[in-house]
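This report concerns only the one structure given below.
2 protein chains.
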Amino acid sequence: MGEFDVIARYFTRPVRHAALGVGDDCALLAPTPGMQLAVSSDMLVEGRHFFADVDPEALGHKALAVNLSDLAACGARPMAFTLALALPRVDETWLAGFSRGLLALADEHDCELVGGDTTQGPLNICITVFGEVPAGQALLRSGARPGDDIYVSGTLGDARLALQALLGHIALPAQVLARARQRLERPTPRVALGLALRGVAHSAMDVSDGLLGDLSHILKASGAGARIDTHAASFLIAEKAYASGVTGYFDIELVRQCTLAGGDDYELVFTAPPERRDAVAAAAQASQTRVSRIGTVEAEPGLRLLDALGQPLENRYASFDHFG
Amino acid sequence: MGEFDVIARYFTRPVRHAALGVGDDCALLAPTPGMQLAVSSDMLVEGRHFFADVDPEALGHKALAVNLSDLAACGARPMAFTLALALPRVDETWLAGFSRGLLALADEHDCELVGGDTTQGPLNICITVFGEVPAGQALLRSGARPGDDIYVSGTLGDARLALQALLGHIALPAQVLARARQRLERPTPRVALGLALRGVAHSAMDVSDGLLGDLSHILKASGAGARIDTHAASFLIAEKAYASGVTGYFDIELVRQCTLAGGDDYELVFTAPPERRDAVAAAAQASQTRVSRIGTVEAEPGLRLLDALGQPLENRYASFDHFG
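Heads up: the sequence lines are chains A and B, in that order.
Under the working numbering, residues 26 to 349 are what the first sequence spells out, in order.
Under the working numbering, residues 26 to 349 are what the second sequence spells out, in order.
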């Protein structure tokens with residue numbers, strides 16, 4: 026099976042919105058008048074972003090999910106994406122699973138595959154995603170203001186919990202690992218929440234490298250600092266039963282590591298002024314997404330972490346660096 | 026040096042046209058009203074698209090050039106691009122050269138780097154490029170009509186000639202190799218020609234995998250066939266002195282292989298009706314790009330190759346397949 030057969034069989038479908046899809050030198054998109062185009066690229070590499078034996082269907086899901094998560098963080102509506110894929114060899118079972126997972130999530134968000142590239146090489150998946158947002162309404166990192174509440178969507182830390190178990194650093198009961206692994210391998214991009222937060226949030230970003238590190242990007246871009254209720258944030262781990270320390274599986278320090286610096290959460294961290302708490306709640310409701318308040322933006326630069334008793338906590342929670 | 030330092034030092038520059046560039050979750054582009062957005066992605070892998078010891082500045086140039094060539098083939102004006110880069114390690118000398126070559130070509134075409142991703146992994150370069158074209162005016166593969174002249178821009182086959190020498194299959198004098206190698210490593214995307222051919226050409230495509238194979242995509246998309254003057258095409262190799270067979274370096278069969286199926290030319294192959302020969306000449310002149318007529322589109326499917334005497338020539342010139 027050659028390059029063009031791979032594209033034809035697994036990645037070519039009728040175009041619904043684009044003016045021209047897979048099969049010419051370029052795809053053609055017809056932007057809606059008055060909208061800006063939001064663009065993001067993410068590259069996933071074996072051993073760095075996923076294990077060699079990951080289920081290809083989950084990998085197809087995740088490869089697009091991490092890109093949709095960037096659109097969500099900007100409040101952009103998904104439109105289309107391109108896929109560039111380097112494969113060691115043509116493995117039809119793998120391609121069938123990968124394209125199934127990829128296109129199922131694409132369909133869920135009405136985001137169509139319009140073009141790309143395939144080549145032989147070490148496994149590498151590069152997706153570039155396009156979305157639309159009304160001019161001037163994109164959620165940026167730079168909009169946080171002192172006094173803003175800091176929120177995070179969904180749950181935090183379970184992806185890292187699964188990773189720690191898969192790396193053999195901790196032991197988890199099979200059912201717990203299976204649930205946490207879903208969070209690692211099949212993240213849910215918070216697209217609907219991002220759309221609902223337009224005009225509500227002052228700033229937003231997606232949590233890919235770890236909550237504190239990613240929040241620091243917002244604070245740096247906004248010239249501000251923050252106080253974080255680490256107890257509230259720690260409590261956002263879904264597998265709370267295994268965070269008690271009673272079972273012996275792990276302790277509060279690991280929970281903090283997972284929730285504050287775990288990475289791979291693909292939740293949104295965002296800020297909004299206190300007078301918009303009702304609007305934030307309404308956005309959460311409209312998008313059927315849980316949001317939790319975990320801190321406050323302050324004028325003084327830097328992150329101030331507080332524990333359950335309101336006492337200062339040393340920040341030992343380094344973020345993920347792709348060259349670290 | 027971490028991921029964010031790499032991006033800041035080598036790939037972040039002030040944005041000129043985009044609404045938002047490197048450093049947020051998404052870049053924001055503001056499409057011009059009435060324009061369609063042309064999008065293309067290409068992935069370059071070590072050992073497949075370039076040698077491990079290639080000059081990083083040339084590689085930076087080529088990585089963007091092959092993408093701009095796709096825009097050229099559509100008649101789109103370059104606007105912006107994203108870069109996703111997997112690097113085995115942070116090598117500042119390599120990054121400095123790569124970004125210099127990349128951004129010099131980007132500046133030449135006023136095409137700005139608006140975002141991307143960097144990660145650790147086997148060397149892989151994935152660029153997605155964006156251009157604009159007035160709605161309905163993009164040059165497509167599907168527009169060729171029986172009776173159209175078939176043209177190709179510039180020269181053909183020298184990139185493959187260099188590759189053959191670099192692989193040790195043939196010997197070339199150092200100066201000849203140096204010139205041919207420029208064609209392999211620093212292709213010239215025919216952007217100005219593509220723009221000038223809007224409203225003139227019926228169909229167009231860029232020659233990346235080999236003339237005959239790429240032309241076949243046009244013919245297939247257009248439901249047509251063609252007759253090709255292989256003598257005229259063979260004569261488009263720049264290093265003609267080494268194509269004579271007299272020097273003993275190589276023979277006409279190799280010249281045909283290089284020109285008809287060489288790949289890596291990044292010229293445009295396009296078709297236009299005979300009554301537009303003057304318009305094609307004017308487009309060539311306006312873009313200061315040589316174009317040569319090498320055949321005719323015919324209603325009967327398939328490629329009919331003719332030699333210098335007008336006699337049929339067997340088509341043994343297979344195109345490059347990335348999984349071949």
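A virtual CB, placed ideally from N, CA and C, is assigned to each residue, including glycine.
Since we're looking at a predicted model, the values are computed, not measured.
Bridge partners for V228(B) per DSSP, in chain order? Residue identity check: residue 228(B) is Ser in the sequence provided, not Val. Beta-bridge annotation (DSSP): S228(B) is paired with T296(B).
Contact between the region 276-284 of chain B and the region 179-187 of chain B (3+ Cβ pairs under 8 angstroms): With a cut-off of 8 angstroms, the region 179-187 of chain B and the region 276-284 of chain B count as touching, because enough Cβ pairs lie within range.
Whose Cβ in chain B lies nearer than 7 angstroms to the Cβ of F140(A)? According to the sequence displayed, residue 140(A) carries Gly and not Phe. For G140(A), the C-beta contacts it makes with chain B under 7 angstroms involve V64, S65 and S66, in order along the chain.
What are the residues that DSSP puts in a beta bridge with P103(B)? Answer is G156(B), bridged to P103(B).
So that I know if they touch, is there some Cβ in chain A lying closer than 9 angstroms to that of D95(B)? For D95(B), the answer is yes, since a Cβ of chain A falls inside 9 angstroms of its Cβ.
Where does L202(A) land, buried or exposed, given buried means 16+ other C-beta within 10 angstroms? Buried, since its Cβ has 16 or more Cβ neighbours within 10 Å.
With DSSP as the reference, identify every bridge partner of L108(B), one or two as the case may be. L108(B) pairs with G141(B) and I152(B).
Secondary structure at S312(A), three-state DSSP: helix, strand or coil? S312(A) falls in the coil class under three-state DSSP.
For V47(B) and L112(B), I'd like the C-alpha separation in whole angstroms. V47(B) and L112(B): Cα-Cα distance of roughly 19 angstroms.
To the nearest angstrom, how far is it from the Cα of L89(A) to the Cα of A63(B)? The alpha-carbon separation between L89(A) and A63(B) amounts to approximately 21 angstroms.
Cα-Cα separation between D49(B) and E292(A), rounded to whole angstroms: Each residue's Cα considered, the two are about 16 angstroms apart.
For V70(A), report the span of its beta strand (DSSP E) as first-last. It spans M60 to V70 - the beta strand (DSSP E) in which V70(A) sits, taken as one unbroken run.
Compare the C-beta of E283(B) against all C-beta atoms of chain A and say whether one is closer than 9 angstroms. The amino acid occupying residue 283(B) in the given sequence is Cys; Glu does not appear at that position. No, its Cβ sits nowhere closer than 9 angstroms to a Cβ of chain A.
Residues sharing a beta bridge with F75(A), DSSP: BP columns for F75(A) point to E71(A).
By the criterion of Cβ-Cβ separation under 9 angstroms, what are the contact partners of V70(B) in chain A? Ordered by position in chain A, the residues that pass the 9 angstroms Cβ test against V70(B) are A111, T144, Q145, G146, P147 and N149.
Against T153(A), what residues of chain B qualify as contacts under a CB-to-CB distance less than 7 angstroms, listed in chain order? Within chain B, the residues near T153(A) are S66, T107 and T153.
Beta-carbon within less than 8 angstroms of F106(A)'s beta-carbon, same chain only, minus the 5 sequence neighbours each way: which residues are those? Within the same chain, F106(A) has close Cβ partners L89, N92, A131, C136, E137, L138, V139, I152, T153, V154 and F155.
Do you know how far the Cα of E264(A) is from the Cα of Q200(A)? Those two C-alpha atoms are separated by around 11 angstroms.
Looking at the structure shown, is G219(A) part of a helix, part of a strand, or coil, going by DSSP? In the structure shown, G219(A) sits in a helix (DSSP, three-state: H, G or I).
Flag V271(A) as yes if its beta-carbon sits less than 9 angstroms from any beta-carbon of chain B, otherwise no. The predicted position of V271(A) is uncertain, since its pLDDT is 46 and thus under 50; no value can be drawn from it.
Using a beta-carbon distance below 9 angstroms, is C136(B) in contact with chain A? Answer no: the Cβ-Cβ gap between C136(B) and chain A never drops below 9 angstroms.
Closer than 7 angstroms between beta carbons: that is the criterion. Which residues of the region 221-233 of chain B meet it against chain A? Per Cβ criterion, the list reads M230 and D231.
Output the distance between the C-alpha atoms of A160(B) and Y176(B), rounded to the nearest integer angstrom. If you take the alpha carbons of A160(B) and Y176(B), they lie about 25 angstroms apart.
Looking only at its own chain, which residues have a Cβ that is under 6 angstroms from the Cβ of R38(A), when we skip the five neighbours before and after it? Cβ within range, chain order: n/a, list empty.
Sequence-distant residues of the same chain with beta carbon closer than 6 angstroms to R208(B), five excluded per side: Excluding positions up to five away in sequence, the list reads D183 and A184.
Chain B within 9 angstroms of A88(A), Cβ atoms only: So, not an interface residue.
Taking the C-alpha atoms as reference points, what is the distance between A423(B) and I243(B)? Because chain B is modelled from 26 through 349, residue 423(B) falls outside the range shown and cannot be assessed.
Taking A98(B) as the reference, give the member of L165(B), I195(B), H86(B) and I150(B) with the closest Cα. Closest option to A98(B), Cα to Cα, is L165(B).
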